[in-house]
Amino acid sequence: MQLDSKSPTGPIEKRWEDHRFHLKLVNPANKRKYTILVVGTGLAGGSAAATLAELGYNVKCFCFQDSPRRAHSIAAQGGINAAKNYHNDGDSVYRLFYDTVKGGDFRSRESNVYRLATLSLNIIDQCVAQGVPFAREYSGYLDNRSFGGAQVSRTFYARGQTGQQLLLGAYQALERQIGAGAVTMFPRTEMLDLIVVDGKARGIVTRNLLTGKMESHMGDAVVLGTGGYGNVFYLSTNAKGCNATAIWRAHKRGALFANPCFTQIHPTCIPVSGDYQSKLTLMSESLRNDGRVWVPLKKGDKRAASQIPEAERDYFLERKYPSFGNLVPRDVASRNAKQVCDEGRGVGETGLAVYLDFRDAIERLGKHVIKERYGNLFDMYQRITGEDPYQEPMRIYPAIHYTMGGLWVDYNLMSNIPGLYVIGEANFSDHGANRLGASALMQGLADGYFVLPNTIGDYLASNKFEKVAASHAAVREAESHVTEITRRLLEAKGTRSVDSYHRELGKIMWENCGMARNAWGLKQALAEIPPLREQFWRDVKVLGSGEELNQSLEKAGRVADFFELAELMCLDALERNESCGGHFREEYQTPEGEAARDDAHYSYAAAWEFGGAGQAPVLHKEPLTFEYVHPAQRSYK
Ligand SMILES: Cc1cc2nc3c(=O)[nH]c(=O)nc-3n(C[C@H](O)[C@H](O)[C@H](O)COP(=O)(O)OP(=O)(O)OC[C@H]3O[C@@H](n4cnc5c(N)ncnc54)[C@H](O)[C@@H]3O)c2cc1C
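When we follow the working numbering, the leftmost residue of the sequence shown carries the number 1242, and every step to the right adds one.
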């Protein structure tokens, strides 16, 4: 299979404009003749559905929550990047582009990243026009703070609720179109299969989560904005409902899955506290603007933080990376936290934590300033741990947070299945092997508000679409496939809960395909996952029936998909014999313990094709070339 990324050439700052000019347009009067199915109402799907409807298309939009505004994007805390340079501190579109390509450890496409950096400016204007209440400074300008991997302040924020405020903006735009009749909204509706007719994506099969009713919806194009798959690890900072079902089932219909092993581990999360925990909580990266990360110098030092004098503390990020200090990118901060804990210098009962200390910032700025900046995060920490972070340092540890991998898309955000578009965290995105903080919201909104609405018209104007009847063989086949999965899950009537299998799978993944990986562990995981998956299908206990609200059934279907995806992730990690970004193979590191890339052999996006049930997947490679930011060992020292 030949992968055509459709990446434009020529001067990088002109590529998107030129490309856009050459895309075919749909006459405004013809737009309402096209139906576009948008699955997902997070920042990516919500902004796309609203914008497509605003343009005049007929949109059907789906989410599994009870309201579009409950999409996981609402959880985003810290902020959204944009190269506005309001602080006049040296920022520019080019610098954001440079930081993002470097931050992703040279595993993303230059053309995409430059477009993202350019559109970051439009996003802020769009959101301000919608009334998103970004924080402002004394002069009235929008305020900025810093995030990892950058030496400028370019992160726009709304206290610790940036995702919520941005989502309310997109949601209002969506609701307006629902009110106008341009969008038909299907909440509590889960997409369970993709319908492909004559090689083109033409519809989806859904289940109404309240009644269990199976339905097929037809359209001229399908857009997946269904989020990331971090919950394959069971414990993550993602909302419990986040899952891979939509993209995985599209993968099984032929969509390539790119870089599945590229997962992000966030350094600042509340540590795991026990075996029966089901969720991890993020403490936003924004806290590293003012919080200092440290551990005791001595191994096994069990004194309270306040009893450890300054000279006996190791501010290890500031010591090792004086230029970026506590604001090194997430992959670097996470690995270093793991390293000091592995050395026996971790804090707290388990020894699997490091301190994030605000003592100096409180002394310098006053408690009221810290409260103003991070009050809701401090409250959340106190409620969960029972400790007061104004009085003693937070304890934090890395946790699974984001997935850079996802369905492969070209520059137009179209997968290799014509008519299937993938946006936001669900695609393999612009972040390479490591996403910089505050850039997921930027990417989701760039995709939804600006990129897709331009590119999808080219596809619609270039193709003819016959009506697909409900009786079409492809529709009937997809429907019976979904019915069969549901039947098998309900009829297993085994002995173990869905969660118990999910927890066991997550443990295998965290231990072998988590923060550090090696060939031995990955092979071990690849040996353990298939028998556990078979046992799951034989022995899972799904309560209730298929004709009612049944969360046990919903979870079972998602976990079944996680089992298959997990195997592909391990295979991809095993195949990539290098370390890059969040993919840290212990065999490949520099003498200082940093990730050692192998550009000669692995400068490509790995795009996996589903090989058929029980067959090995097939690897396709999209070579990556760098004309502007030349690959070098990343240094944050
Ligand atoms: C705790 C936390 C804090 C974060 N903070 C930041 C931050 O400060 N800055 C930043 O840039 N990034 C942040 N991120 C990352 C960012 O929030 C996400 O990457 C982003 O919001 C994903 O948006 P999305 O639209 O792609 O998907 P989501 O918001 O996850 O939306 C997915 C949508 O798809 C729907 N869906 C999924 N599957 C199906 C299906 N099968 N059928 C029907 N509907 C389906 C869901 O109902 C939902 O509407 C954070 C992430 C977490 C976990």
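Glycine included, C-beta positions come from ideal geometry on N, C-alpha and C.
Computed from a predicted structure; not experimentally measured.
For L1618, the enclosing alpha helix (DSSP H) stretches over residues 1608 to 1626.
At least 8 Å separates the beta-carbon of A1391 from that of F1375. Three or more beta-carbon pairs drawn from the region 1531 to 1540 and the region 1579 to 1586 are found closer than 8 Å, and the two stretches are therefore classed as touching. For R1576, the uninterrupted alpha helix (DSSP H) run begins and ends at 1571 to 1583, by DSSP. Taking the Cβ of S1314 as the reference point, at least one heavy atom of ligand 1 falls within a distance shorter than 7 Å. A distance of 8 Å or more separates the beta carbons of I1641 and P1508. Per DSSP, Y1700 is one residue of the alpha helix (DSSP H) stretching across 1693 to 1703. According to the DSSP secondary-structure assignment, Y1638 is paired through a beta bridge with C1510. Sequence-distant partners of P1269 (beyond 5 residues in either direction) whose C-beta falls short of 7 Å from its own C-beta, in its chain, are G1297. By the criterion of a C-beta distance shorter than 6 Å, R1744 is surrounded in its chain by Y1475, once the five residues flanking it on both sides are discounted.
Shown here for I1770: same chain residues with a beta carbon closer than 8 Å to its own, the five before and five after excluded, namely L1746, I1749, F1804, A1807, E1808, C1811 in chain order. Within the same chain, Y1742 come within 6 Å of F1777 by CB-CB distance, once the 5 residues on both sides are set aside.
From the listed residues A1574, E1553, Y1335, G1331, the smallest Cα separation to V1870 is found for Y1335. For ligand 1, a non-hydrogen atom lies closer than 7 Å to the CB of M1683. Inclusion of F1498 and L1648 in the CB contact set at 8 Å is warranted, their separation being smaller than that value. Shown here, V1473 sits in a helix according to DSSP, grouped into three states.
Only buried fits P1634, as 16 or more other CB atoms lie within 10 angstroms of its CB. When DSSP states are grouped into helix, strand and coil, L1383 belongs to the strand group.
Between the alpha carbons of L1293 and A1411 lies a distance of about 12 Å. Sequence-distant Cβ neighbours of D1340 in its own chain, meaning closer than 8 Å and more than five residues away, are G1390, A1391, L1677. Excluding residues up to 5 positions away in sequence, P1428, R1429 lie with their Cβ nearer than 8 Å to the Cβ of D1307 in the same chain.
In the DSSP assignment, D1598 falls within the unbroken beta strand (DSSP E) covering 1595 to 1598.
Burial of N1479 is indicated by the presence of at least 16 other C-beta atoms within 10 angstroms of its C-beta.
In terms of Cβ geometry, D1651 and K1247 form a close pair [threshold 8 Å].
In this structure, the straight-line span from the alpha carbon of S1738 to that of F1851 is close to 28 Å. Short of 8 Å from the beta carbon of E1795, and not among the five residues preceding or following it, lie these beta carbons of its own chain, in chain order: F1305, E1431, L1450.
By the 16-neighbour rule on beta-carbons within 10 angstroms, D1366 is exposed.
Taking a C-beta distance under 8 Å as the contact criterion, V1573 and Y1877 qualify as a contact pair. Shown here for V1438: same chain residues with a beta carbon closer than 6 Å to its own, the five before and five after excluded, namely V1709, A1715 in chain order. Closest option to T1486, judged by alpha-carbon separation, among A1797, D1840, L1767: A1797. The beta carbon of T1276 sits closer than 6 Å to those of N1299, G1460, D1461, all from its chain and outside the five residues before and after it, given in chain order. With respect to G1453, G1787 sits close: the two C-beta atoms are nearer than 8 Å.
Contact check for V1267 against G1698 passes: the beta carbons are separated by less than 8 Å. Taking 7 Å as the cut-off, one finds at least one heavy atom of ligand 1 near enough to the beta carbon of T1467. The alpha-carbon of N1363 is positioned some 21 Å away from that of H1263. One thing to note: G1735 has its Cβ no nearer than 8 Å to the Cβ of D1802.
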